[in-house]
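These notes are about the structure you will find just below.
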Amino acid sequence: MVGEIRRIVTGHDIEGRAVILSAGAPERVVDLTEHGPRFYEIWSTGETPVRIDRDSGEPHEDTLTLAPPRNGTRIRVLDIAPETGNPERGRCASSPALRAGWRG
């Protein structure tokens, strides 16, 4: 992937104003093999209605499960490297040289 995935979580302060609670890489990133694909867990809930508060934190999972839990949700980004015939060459897709326009 050319750029890294960022997740921005918003909320409200005690006066009701919109604030950014966190901004950065998702807490859960899973590489299925050394060369990908890579799963970025953007959002996951385990119930409906969803309890969303500052103290709940991320839902915990021991394994990567594709389907959401019953009455839950999942939002993920799946990054799959291009097929090149050379596994090492596919890994360079996020290199600074390639982003700068190198086509070797």
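Quick note: to get our numbering, add 36 to the position in the sequence shown (first position is 1). Even glycine gets a Cβ: it sits at the ideal position worked out from N, Cα and C. Quick caveat, the model's predicted, so the values are computed rather than measured.
Reference residue i; option with closest CA among the options
i, options, result
"Arg-110", "Ile-116, Leu-102, Ala-117", "Leu-102"
"Ile-116", "Thr-69, Leu-100, Ser-80, Pro-85", "Thr-69"
"Gly-47", "Ile-41, Glu-40, Leu-57", "Leu-57"
"Arg-112", "Glu-94, Trp-79, Thr-99", "Trp-79"
Opening and closing residue of the beta strand (DSSP E) in which residue i lies
i, result
"His-71", "First-last for His-71: undefined, no H or E at that position."
"Gly-60", "54 to 60"
"Thr-46", "43 to 48"
C-beta contact flag for residue i and residue j at 9 Å
i, j, result
"Arg-74", "Val-66", "yes"
"Arg-43", "Ala-61", "yes"
Residue burial classification, residue i (beta-carbon count within 10 angstroms, cutoff 16)
i, result
"Glu-77", "buried"
"Asp-91", "exposed"
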